[in-house]
Amino acid sequence: MHVTIFGTGYVGLVTGTCFADVGNDVVGVDIDQNRIDRLNGGEVPIYEPGLKEMVGRNRRAGRLTFTTDPAVAVVGGEMVFICVGTPPLPDGSSDLRAVESVAKTVGELMTEPKIIVTKSTVPVGTSDRVRAIVSRALAERGVEIPFEVVSNPEFLKEGAAIDDFMKPDRIVVGSDSPKAIESMRELYAPFNRNHSRLMVMDVRSSEFTKYAANAMLATKISFMNELASIAERVGVDIESVRVGIGSDPRIGYSFIYPGCGYGGSCFPKDVRSLERVAASVGYDAQLLRAVEDVNERQKRVLFQRVWEHFGGKLAGKTLAVWGLSFKPNTDDMRDAPSRALIESLWEVGAKVRAFDPEAMVEARRHYPAEVGSGALILADNEEEALEGADALVICTEWRAFRSPDWDVVRASLKRPVVFDGRNIHDPERMEREEITYYGIGRGASITQPELDPLDGFVREAVGSVYADGIAQGAPPT
Ligand SMILES: NC(=O)c1ccc[n+]([C@@H]2O[C@H](COP(=O)([O-])OP(=O)(O)OC[C@H]3O[C@@H](n4cnc5c(N)ncnc54)[C@H](O)[C@@H]3O)[C@@H](O)[C@H]2O)c1
C-alpha cells in the first residue's frame, strides 16, 4: 500500500518505519525542515531503541522517504495517517491546530479517494471535525472525491515503541465504513499474524479508548504515590506493600511502582484533556483532577526531601542528578519529573550536575541558558556527574543506575547522601554502605515512628521529613 504519514515524531516515525518494514511504500511529511533534512541525511532525530537501523534499512530499500512537501506525499498515498502533536493549551485542553491544518491540506491537495486515519491522540469528536474540514476544502475547490476518516489511536510506549508496534496487544479502529475497515485490516495484517488484535468500534469510542487507557495508567501511578506518602508517615515500607498487593491478579504488578511522579508527553496532557472534555459537557471529573493533583505534588517530593535534608540551605550547593528523561530508554524530557526538580533547585540557588544515557542533547535544547551559565553542568557519564556534588538524586530508573560502584559514589560526593526517586536501591544495602538514603514511601527504613499503642502515632517522634511543620520552614512552592 502507499501510505502517507503526517508528523515524523515518536509516533509518526515509528508508525511509518514499521509500515515500510513490512513492505509498504511510505512517505513521511513534516513541517520541520531540520527534522526532514536530518532524516534524509540518514540521522534519526529521536532516540528509540532499534529505530535508527530500521529507518536506515527501509530508506535503502526505497520504501521510506521523507519530505516537507505535502503535495508530493498526499498525491501518492491511498492511506493518510495524521500523527502530528496535540500538545496542551494553557487551560489543559488539546491544541488541535496541527491536526486541523493537516486535514485542510489533505482536502486541498487530494485528487483520488483517501482513507484519512487519525492516529494522534485527539478528544472525542475530532475525527468528525477532520471530516468536516476535508469536506469544506473539497467543496471550496468545487470537487467531489470520496474519502473516509478512521480513528486509530496509538498505544505504543516510548522506549519499546517498535516492539509495541510490531507486536501490538490491540489495534483499535474506529469506523463505520466496511471499506475503510477492510483497508485497515489489510494494512495491519502483518502485525496480526497469530490472532487478530484488531478491534473495531465507532469513531468516538475509539478516540475515547486512548484517553481511558492513559487515564487508567496515570491513576494507578497516582494511587500508588498517594499510598507511598501515607506509608512513609506511618512507618510502612511501600515496596513491601507493592509486592503484597501486586500478587492479587485483580491488581497486578504493572504500573504500581511509587516514584517521583509520572511525566512524558502523554499522561499529563491526556489526563488534563479528558478532564477538560468532561468539564465542557458539564461533568466534574473529580477523580481525574485528583490524579493530576497527586502527580503535581509528587513531582515536588524529591525537592522537598533535598530541601529538608539540607535544612533549607541549598544556595551554593551542587546536586548530582542521574536521569533526565521522563522514563528509561527514551530521550524524551517533556514534563519529566527531573525538570520539576532541577528547576526548583535553580530557584533556590543550587547547581545541577546531570547525566542521562540518552537525553543530553534534549537537556541542552531545553536549557541552553542554564548550560551557558553553569547552573546545569552536563557530565559525560554518571561518575563525572558526582564529582564534588553535595548529594545524588536519581530521577529515572535507567538500568545503568541500578548497580553503581558505591565506593565511587561515596568518594565523589562531599557527603554520601542519595535521594532515590524511583526506589531502585535497597535501603538496607545503603545502610551497610553507610550512605544516607531517601526513597519514596520507604517509611520503615528511613524513620521508625514510635507507635504508642494506646494513642496511635506520636507525631513528635517522627523525623522532620514527615513532620507536619518543617523545622526549617516550608520549602518554596
Ligand atoms: N509519544 C508517545 O509515546 C505517544 C504514544 C501514543 C500516542 N501519542 C500521540 O501521538 C501524537 C504525536 O505524538 P508524538 O510524541 O509523536 O509528537 P512529536 O512532537 O514527537 O511529533 C509531532 C511531529 O509532528 C510535526 N508536525 C506538526 N504539525 C505538522 C503539520 N501540520 N504537518 C506535518 N507535520 C507536523 C512536528 O514537527 C513533529 O515532528 C500526539 O497526539 C500524542 O499524544 C504519542
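Just so we're aligned, residue 1029 is where the sequence shown starts under the numbering used here, counting upward by one.
By construction, the Cβ of each residue, glycine as well, lies at the ideal position given by its N, Cα and C atoms.
Here the structure is a predicted model, which is why all the values come from computation and not from measurement.
Unbroken alpha helix (DSSP H) run spanning residue 1244, endpoints = 1231 to 1261
**Message:** Report the CB separation of residue 1304 from residue 1156 in whole angstroms; it is logged as a contact under 8 Å.
**Reply:** So it is not a contact: roughly 18 Å between Cβ atoms.
- prompt: Between the C-alpha atoms of residue 1034 and residue 1103, what's the straight-line distance to the nearest angstrom?
  reply: 13 Å
I need the straight-line Cα distance from residue 1341 to residue 1463, nearest angstrom please. 20 Å
Buried versus exposed call for residue 1277 [16 or more other C-beta atoms within 10 Å across all chains shown]: exposed
- prompt: Just checking my contact of residue 1451 with residue 1267 at CB under 8 Å: how many whole Å lie between their CB atoms?
  reply: 6 Å
Query raised in the report: Of all the options 1199, 1208, 1117, which has the alpha carbon lying nearest to the alpha carbon of residue 1144?
Result: 1208
Item to complete: Please confirm whether any heavy atom of ligand 1 lies closer than 6 Å to the CB of residue 1035.
Response: yes
Looking at C-alpha atoms only, which residue of 1161, 1204, 1391 is the closest neighbour of residue 1229? 1204
Q. Just the Cα atoms here: how many angstroms apart are residue 1474 and residue 1031?
A. Note that residue 1474 has pLDDT 47, beneath the 50 cutoff, so the model's placement of it is unreliable and the number below is only indicative. Roughly 56 Å between the two C-alpha positions.
Q | residue 1294 beta carbon less than 7 Å from that of residue 1242 | A | yes
Is the stretch 1385 to 1393 touching the stretch 1343 to 1353, taking contact as three or more C-beta pairs under 8 Å? yes
Grab me the residues of residue 1345's own chain with a C-beta within less than 7 Å of its C-beta, minus the 5 sequence neighbours each way, in chain order. 1338, 1378, 1418
Can you determine whether any heavy atom of ligand 1 sits closer than 6 Å to the C-beta of residue 1057, and answer yes or no? yes
- Item | N-terminal and C-terminal residue of the alpha helix (DSSP H) that residue 1347 is part of | First-last for residue 1347: 1346 to 1350, but that is the beta strand (DSSP E), not the alpha helix (DSSP H).
Original post:
In whole angstroms, what is the alpha-carbon distance linking residue 1317 and residue 1248?
Top reply: 14 Å
> Do you know how far the Cα of residue 1170 is from the Cα of residue 1186?
Replying inline: 42 Å
**Request:** State buried or exposed for residue 1197, treating a residue as buried only when at least 16 other CB atoms are found within 10 Å of its CB.
**Result:** exposed
Check your understanding: Roughly how many whole angstroms lie between the Cα atoms of residue 1027 and residue 1465?
Key -> The structure shown has nothing for residue 1027, since the chain only spans 1029 to 1505.
Alpha-carbon spacing of residue 1476 relative to residue 1263, whole angstroms: No answer about residue 1476 holds up, because its pLDDT of 48 lies below 50 and its placement is not dependable.
| query | Which partner residues of residue 1156 appear in the DSSP bridge assignment? | reply | BP columns for residue 1156 are empty, so no partner.
Just list the alpha helix (DSSP H) runs in the stretch 1363 to 1423, keeping only unbroken ones of 4 residues or longer that don't cross its boundaries, in chain order. 1365 to 1375, 1388 to 1394, 1396 to 1401, 1410 to 1414
Checklist entry - So does residue 1288 have its beta carbon nearer than 6 Å to some heavy atom of ligand 1? => result no
Practice item. Provide the residue span of the alpha helix (DSSP H) that contains residue 1295, from first to last. Key: 1295 to 1308
Buried or exposed: where does residue 1139 fall if 16 or more other Cβ atoms within 10 Å of its Cβ makes it buried?
exposed
Does the stretch 1356 to 1371 come close enough to the stretch 1286 to 1302 that 3 or more CB-CB pairs lie under 8 Å?
yes
Proximity test, residue 1130 beta-carbon vs ligand 1 heavy atom, cut-off 6 Å: yes
- What's the call for residue 1201, buried or exposed, on a 16-neighbour Cβ count within 10 Å? buried
- May I ask you to report which of helix, strand or coil DSSP gives residue 1476? Because the pLDDT of residue 1476 is 48, which lies under 50, any placement of that residue in the model is unreliable, and the number read from its coordinates should be weighed accordingly. Three-state DSSP puts residue 1476 in coil, outside helix and strand.
### Query
Apart from the five residues on each side of it in sequence, which residues of its chain come closer than 6 Å, Cβ to Cβ, to residue 1238?
1149, 1181
Within the continuous beta strand (DSSP E) that includes residue 1337, where are the two ends? Not the beta strand (DSSP E): residue 1337 falls in the alpha helix (DSSP H), residues 1329 to 1337.
| message | Using a 10 Å radius around the Cβ and a threshold of 16 neighbouring Cβ atoms, would you call residue 1311 buried or exposed? | response | exposed
- May I ask you to check if the CB of residue 1425 is nearer than 6 Å to at least one heavy atom of ligand 1? no
Since residue 1358 is in the alpha helix (DSSP H), which residue starts that stretch and which ends it?
-> Unbroken run through residue 1358: none, as it is neither H nor E.
Do you know offhand how far residue 1037's Cα is from residue 1110's?
11 Å
Open item on the list: In the DSSP output, which residue or residues are listed as bridge partners for residue 1110?
Closed with: 1034, 1146
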